[in-house]
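Student: Please see the structure below; I have some questions.
There are 2 protein chains.
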Amino acid sequence: MKSKGLLVVLSGPSGVGKGTVRQALFATDHDKHQFLYSVSATTRQPRPGEVDGEDYFFLKRSEFEQMIEEEKLLEYAEYVGNYYGTPLEYVQEMTEQGKDVFLEIEVQGALQVKRRMPDGVFIFLAPPNLRELESRIVNRGTDSEEVIAKRMQQAREELQLMTQYDYVVENDSVDKAVKRIQTILDAEHLKTDRFIDNIVESYLQEGEE
Amino acid sequence: MKSKGLLVVLSGPSGVGKGTVRQALFATDHDKHQFLYSVSATTRQPRPGEVDGEDYFFLKRSEFEQMIEEEKLLEYAEYVGNYYGTPLEYVQEMTEQGKDVFLEIEVQGALQVKRRMPDGVFIFLAPPNLRELESRIVNRGTDSEEVIAKRMQQAREELQLMTQYDYVVENDSVDKAVKRIQTILDAEHLKTDRFIDNIVESYLQEGEE
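Going down the list, the sequences are from chains Y and V.
Okay, so the first sequence: first residue is 1 according to full-length UniProt numbering, each after it adds one.
Okay, so the second sequence: first residue is 1 according to full-length UniProt numbering, each after it adds one.
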């Protein structure tokens, strides 16, 4: 049975290694998945060699603002005077075809996507020491109060962000992070909700004939 | 970091092969998991060779009814004049110790457990043809109306049950079913909720010292 693809959102603190993990995931020969990387739209000028529709959808400012107006973007942001965003249509078409679409975006964008597509799979890529929070807290006696306060503050902020995501994947090594993400996606394809949605859809399609 | 164990409930239609899959899962050397099979309580007489606390907790009828009264059972049923049930305390103790506890029970029991422990992992073991529902429906022109009606009825009943579960695992082969269950458990251990619960718990424990 052909099942609907997943929208997979990989996000996390800046500098955690999202791009590296995404590239390694795409390079892995994982026969069950056909990952597609969602092509973003932008108003910035193409750089030499960049291809429209492959690297980005290059749009005029007025075109981009019309897409915002018409709610045709899953998320968008303005950065150094240019817009960047994720076109909704591409994601919908590809998942309908049974393909898993991958977004690798910053935390703010991920939370926008979550509001629009809550049934996506939201993965928080965590710095390698986040899972050691417990021992860091337990061993706090060995550090100055200032260091401890800073750590606790950082931990609190990271936890706050994480609560919005479905899964936490520690990036202690790229290979391990990739394996964990593959495991998550395999399991997500076995979720009852997704299975039932697909069957109900096939009933409905039958009825239309 | 030591994380809390999972309560894993494997259930499905009678005759689907729950026992075989469970035994194969336990026999598999899967280093990350320490599966424990939850010992049931019963009022029936021990058979020769059965050990109290290993095969069953053998109880008097009055003891069992007191456990029902005090809500110390995750689920129970009466069968041929004897009670059978799952003691709550064992499941709680083992998961606190970071062990995954496995229940292999009938559908009615599973739904009772779900009401008491909704954060368990509920897996529906499906007969091998359930995932072919779509093609069965599409190809219905080749069968008599009676056969089709019967199939549709069966499909509806199975779907109805499945909606209560988190995952659907097809038992097309025992090895594949075991692999899928392992994948689900690996992914469940990466769930943000479980991760955050563990951290929050460690904060609280710190506060108590």
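Ideal Cβ positions, reconstructed from N, Cα and C, are used throughout, including at glycine.
#1: Measuring alpha carbon to alpha carbon, tell me which residue in Y:V178, Y:L161, Y:A187 and Y:Y165 is nearest V:D166.
#2: Can you find at least 3 beta carbon pairs, one from the stretch 34–49 of chain V and one from the stretch 160–176 of chain V, that sit closer than 8 Å?
#3: Going by DSSP, which residues form a beta bridge with V:T163?
#4: Mapping the DSSP letters down to three states, classify Y:D52 as helix, strand or coil.
#5: Which of helix, strand or coil does DSSP assign to V:V168?
#6: Kindly indicate the opening and closing residues of the alpha helix (DSSP H) around V:D186.
#7: Below 8 Å between beta carbons: does that hold for Y:L7 and Y:G120?
#8: Would you kindly report the start and end of the unbroken beta strand (DSSP E) that includes V:E89?
#9: The beta strand (DSSP E) spanning Y:I68 covers which residue range?
#10: Would V:L36 pass as an interface residue toward chain Y - the criterion being a Cβ-Cβ separation below 8 Å?
#11: Quick one: which residues of the stretch 178–195 of chain V get their C-beta closer than 8 Å to a C-beta of chain Y? List them in chain order.
#12: Taking Cβ to Cβ, would you say Y:A24 is nearer than 8 Å to Y:G85?
#13: With three or more C-beta pairs closer than 8 Å as the rule, is the stretch 10–20 of chain Y touching the stretch 55–75 of chain Y?
#14: Given a threshold of 16 other Cβ atoms within 10 Å of its Cβ, counted over all protein chains shown, does V:P87 qualify as buried or as exposed?
#15: How far does the beta strand (DSSP E) with V:V8 in it reach, from first residue to last?
#16: Do you know offhand how far Y:Y83's Cα is from V:H189's?
#17: Nearest to Y:G5 by CA position, among Y:T20, Y:R22, Y:T28 and Y:S38, is which residue?
#18: For the stretch 159–171 of chain Y, which residues have a CB atom closer than 7 Å to at least one CB atom of chain V, in sequence order?
#19: What residues of chain A sit near V:F124, judged by a beta carbon separation below 7 Å?
#20: Where does Y:T43 fall in DSSP's three states?
#21: Compare the C-alpha of Y:T192 against each of V:K179, V:Q182, V:E170 and V:F102 and name the closest.
#22: So V:A77 packs on V:L125, CB below 8 Å; how close in whole Å?
#23: Between V:G98, V:V80 and V:V91, which has its C-alpha nearest V:D197's C-alpha?
Tutor: Taking the structure as given:
#1: Y:A187
#2: no
#3: For V:T163, which the question treats as bridged, DSSP gives no partner whatsoever.
#4: strand
#5: strand
#6: V174 to E188
#7: yes
#8: It is not in any beta strand (DSSP E) - V:E89 instead sits in the alpha helix (DSSP H) that spans L88 to E96.
#9: Unbroken run through Y:I68 is the alpha helix (DSSP H), R61 to E69; no beta strand (DSSP E).
#10: no
#11: R180, T183, I184, D186, A187, E188, L190, K191, T192 and F195
#12: no
#13: no
#14: buried
#15: L7 to S11
#16: 37 Å
#17: Y:S38
#18: L159, M162, T163, Y165, D166, Y167, V168 and V169
#19: Here chain A cannot be found, since the structure's protein chains are Y and V.
#20: coil
#21: V:E170
#22: Wrong, their Cβ atoms sit about 19 Å apart, outside the cutoff.
#23: V:G98
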